[in-house]
Every structure is written in C-alpha cells, then in structure tokens.
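**Q** Just dropping this structure here.
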Amino acid sequence: MPVAAAGMALAISFGVLAQPVMGSVAPIVMSAFVFAGSAQFGSLAVIAAGGGPLAAITAGILLNSRYVPMGVALGPSLSGGPLKRMIKAQAMVDFSWAAAMRGGGRFDQRFMIGATLPMYVSWVLGTAIGVLSGDLIGDPERLGLDAIFPAFFLALLLGGEAPGSRGWIPAAILAGAIALVLIPLTPPGVPVIAACLAALVGLRPKAMPPPSEPEPEPEAIGG
Amino acid sequence: MADVWITIAALIVTSMMIRASGPLLVGGREIPPRFSGVIDLLGPALLTALIVNETLGGDGSIELNASIAGVAAAGAVLLHKRSAVLGAIVVSAVVTALVRALT
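Written as structure tokens, this is what we have:
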C-alpha cells in the first residue's frame, strides 16, 4: 500500500528528527501511543526550539483538535456500545477517515480500521528505523517525501467520494482560503480546524416544505 | 528529559480523549438529515485545508517551497486519470525532489 510506505517515510523522518531531542525510547513510545503525525511533529518542533512542555502539549492538542469534528461525523457509523465506539475511534487518522467516507454522511468502519492497521505498523516501525539509523538517511525532504501526503490527500479529494457530494467545490475552495488566511495569523493546527467550518455550506434549510403540500404555518416568533 | 516525558504522557491521554470525544458526543444517534450534507462536505473541506497547510504552511508563515510543484504535478496526473493514486504520489515526490535539487 503506497500510503503505508509514505507513512513509513514520514515516520522515519520523525525518528531522525526526534532522536537528538528526545532520545531513543521516547519517540517510539510517542508513535506507538499518540499515533498522530501532525501532533508529534508539532510538539517536537516546540521542544526542539526550546519551548516548555505546556507549549508543546498545547501545540499537540491544537493539531489534534480536528479529530473532534471528524469523530462527530464518524460517530453514527460506528457500531457497538459507547466503549466499543470510543475504542474504534482510536483508529481515526486523516487518510483512513477520508478514504472510508461513503457519502450520505456514512463511513465504512471496517474499511477505516483495516486501512489504519498497516499504517500503525509502518508508523511505529518507521519511527524505530529513524531513531536507530539517524544520520544514515539524512534529510527526507531531499527525496521529496514531504509532498507525498498532500498529493495523496489531493487524490482522495479528486477521486474519492467527495466529487459526489453537492457543493464540494465551494466548500473546498472556502476551506483552502480559510487555511491560507489563518496560517500566518494563528498557531499551527488552528487553520485546519477553522477550515472545517467551510463544511457548513452543506447545511440544509431548516424548513423544507415538500412541494406538493401547502406551505407550513410559519413558526411563532416572539414579538 | 522530564519535560519530554510529561509532554508525551499528556499527548497520549489527550489524543485518546480527543479521538473518543466525537463518537461520545453524538452517542448512537443518527445525524439529522439537515446535517448529513455538512458531514459529506467535511471531507473535502478537511482535505483541502490539509493540502494547503502541508504544502504552503511553514512555521506560522506561508512558505513557497518545492512541494508546491510536486503537488501541482500530482494534480495534473489526477486530472488526467482520477484513479492514478500511486502514479500521482510517485510523481509528487520525484518532481519535488527534482525542483528542490535544482533550486
């Protein structure tokens, strides 16, 4: 799976960058239990720049905050009791969430978990390789690997379920514009979560009178 | 070093809570039809924001860098053939590496 390979490349670069800052064990523990690329890179950058734990934790939480609306969207598609659903939600990562979209607000939960599992293995393994090999690999950006994830997200955007949903182009353009404007103005993580608001263009009007029936009585509004 | 472990411990706990919070908030309820359009558009909105953020977003500033060329090349491949996911990914890395090497 090309995405697992891209994930591994990203994880290797995380391991290479984290080892001098965090030592050898901490980056692997982080990848195994935090399992969120952007939050890991973001908090690492804060620590590497000499920031305190509070700043690093805040950066990580902000970068992870998009999982709240993503989880709200995913929630009704998860089967089982509350505990089971909360455990399944731990398999949520950007690419498998987006790839598991099936239109009509539904997600394929088995597909999402199945897509996340190889990603998890390659993420933890890649971090370990990065930590151990360090300077041998050098700068992953030299190989252009940083373009792989945005390119994959573009493939999901153009080839996935998205083109089937009404209004996806204005929503995407609005989201991109929000992110672009906020990148220089806000801490990392905020642009992406704020851009989720662009999805509200899909909100349907509250009163949608069926064409065959007479107009419904207007709601009583005080005053 | 203690700072590193405090950060990691806090991020482990908060990541799990954040991922669990969405399904917990909506419970087992169905999304009202009014909002199903919003859920469908959350994907395109999030993906576009991630593309913009990862391609242009430096450390709190817009950064013009070689990955823009790589992602644009991937876009050209995808517009030609939407299912060419692997091709688009390979092209994006190769073009980015080439542009980076030449500039």
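In the order they appear, the protein sequences are chains L and Y. Each residue of the first sequence is one higher than the one before, starting from 626 at the first, in the working numbering. Each residue of the second sequence is one higher than the one before, starting from 155 at the first, in the working numbering. Glycine is no exception: its CB is placed at the ideal position from the N, C-alpha and C atoms.
1) Please go through the same chain and pick out, in chain order, the residues whose beta-carbon is closer than 7 Å to the beta-carbon of L:Ser-824, but skip the five residues on each side of it.
2) Taking C-alpha atoms, which residue in L:Ile-803, L:Leu-810 and L:Gly-632 lies nearest to L:Leu-865?
3) When you compare only the Cα positions, how much space is there between L:Phe-666 and Y:Asn-219?
4) Can you tell me which residues form a DSSP beta bridge with Y:Met-155?
5) Once DSSP output is grouped into helix, strand and coil, what is the label at L:Phe-774?
6) Note down, in chain order, every chain Y residue with its Cβ under 7 Å from the Cβ of L:Phe-658.
7) Please state if the CB of L:Val-693 and the CB of Y:Gly-176 are separated by a distance shorter than 8 Å.
8) Is L:Gly-751 closer than 8 Å to L:Met-655 when the C-beta atoms are compared?
9) By Cβ distance, which residues of its chain are closer than 7 Å to L:Ser-690, with the 5 residues on each side in sequence left out?
10) Spell out a yes or no on whether the stretch 714 to 723 of chain L and the stretch 739 to 756 of chain L are touching, meaning 3 or more CB-CB pairs, one atom from each, closer than 8 Å.
11) Roughly how many angstroms separate the alpha carbons of L:Gly-769 and Y:Ser-246, rounded to a whole number?
12) Apart from the five residues on each side of it in sequence, which residues of its chain come closer than 8 Å, Cβ to Cβ, to Y:Val-253?
13) I need the straight-line Cα distance from Y:Ala-242 to L:Val-650, nearest angstrom please.
14) DSSP beta-bridge partners for Y:Gly-211?
15) Report yes or no: do three or more beta-carbon pairs, one from the stretch 729 to 736 of chain L and one from the stretch 162 to 180 of chain Y, lie closer than 8 Å?
16) Counting contacts by CB-CB distance shorter than 8 Å, is Y:Ala-230 in contact with chain L?
17) Among Y:Val-244, Y:Leu-200 and Y:Met-171, which one has its Cα closest to the Cα of L:Ala-723?
18) Using a Cβ-Cβ distance cut-off of 8 Å, determine whether L:Pro-757 contacts chain Y.
19) Could you name the residues of chain L that Y:Leu-256 contacts, counting a contact when the two beta carbons are closer than 7 Å?
20) Under DSSP, the alpha helix (DSSP H) around L:Met-711 begins and ends at which residues?
21) Name the DSSP beta bridge partners of L:Phe-732, please?
22) Quick one, are the C-beta atoms of L:Val-697 and Y:Ser-169 less than 8 Å apart?
23) I want to verify the contact list: residues of chain Y whose CB lies under 8 Å from the CB of L:Ser-721, in sequence order.
**A** Taking the geometry as given:
1) In the sequence under discussion, the amino acid at residue 824 of chain L is Ala, which differs from the Ser named in the question. So the list reads Ala-796, once near-sequence residues are dropped.
2) No answer is possible for residue 865 of chain L: it lies beyond the span of chain L, which begins at 626 and ends at 848.
3) 19 Å
4) Y:Met-155 pairs with nothing; no bridge assigned.
5) helix
6) Ile-166
7) yes
8) no
9) Gly-814 and Ile-818
10) yes
11) 7 Å
12) Ala-220, Ala-223 and Gly-224
13) 35 Å
14) Y:Ile-216
15) no
16) no
17) Y:Leu-200
18) A quick correction: the sequence has Leu, not Pro, at residue 757 of chain L. Judged by the 8 Å Cβ criterion, L:Leu-757 is not in contact with chain Y.
19) Those within 7 Å of Y:Leu-256 in chain L number zero; the least Cβ separation is about 12 Å.
20) 707 to 713
21) L:Met-726
22) no
23) Per Cβ cutoff of 8 Å: no residues; L:Ser-721 is ~12 Å from chain Y at best.
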